[in-house]
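Shown next, in structure tokens, is the structure this report addresses.
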Amino acid sequence: MSDPGAFTAVTRGLRVTVRTFYLADKSEPEEGRHIWAYRVRITNEGRETVQLLKRTWHITDAMGRTQHVHGDGVVGEQPVLEPGEAFEYTSGTPLATPSGFMRGQYHMVVPATGEAFDAEIPAFSLDSPHGQVTLN
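If you number the sequence shown the way this note's numbering does, the last residue is 1075 and the count never jumps.
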């Protein structure tokens, strides 16, 4: 997933890459309902095995309203990534406005030592064809 439309952050050898897709067939702009899917690839480029335990998302709409979402794992899983391994998943989010952005953290642990750390999820833009395109 290394393309110009992707957003990437690296923390302690853990590469998080996100690509977004506006879902026009699921959105109802006239009702203030805009839906996006996002595809995440987490690649362990480090030398230690790590496990994703929890996630925190900060989802901000065009009005500046931010929703904070915390939970265990991602899509019902708490993946363990050996060095060189990757995990991909797709999820989605609704917004009441035609644009916004998301960012967050994956709360990780090194199983061998119990050391915890947060891996950055890069800020990524959510822009639909129904609003002014702005750099978020």
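Where a beta carbon is used, it is the ideal one built from N, C-alpha and C, also for glycine. Because the structure is a prediction, the values reported are computed rather than measured.
- Looking at the DSSP output, GLN1006 bridges to ILE998.
- Comparing alpha carbon positions, the residue from GLY952, SER966, LEU953 closest to SER1038 is SER966.
- The C-alpha of GLN990 is placed about 11 Å away from the C-alpha of ILE981.
- The region 1009-1072 contains, as complete beta strand (DSSP E) runs of 3+ residues, the segments 1025-1034, 1038-1049, 1054-1066 (chain order).
- Spanning the alpha carbons of ASP1000 and ALA1035 requires a straight line of approximately 7 Å.
- Judged by their CB atoms, GLY1031 and TRP975 are nearer to each other than the 8 Å cut-off.
- The region 950-964 makes contact with the region 1055-1065; the number of CB pairs closer than 8 Å reaches 3 or more.
- In the three-state DSSP reduction, GLU984 falls in the coil class, being neither helix nor strand.
- Between GLU1027 and VAL955, the C-beta gap is not smaller than 8 Å, which leaves the two residues out of contact.
- Taking a C-beta distance under 8 Å as the contact criterion, LEU962 and VAL1048 do not qualify as a contact pair.
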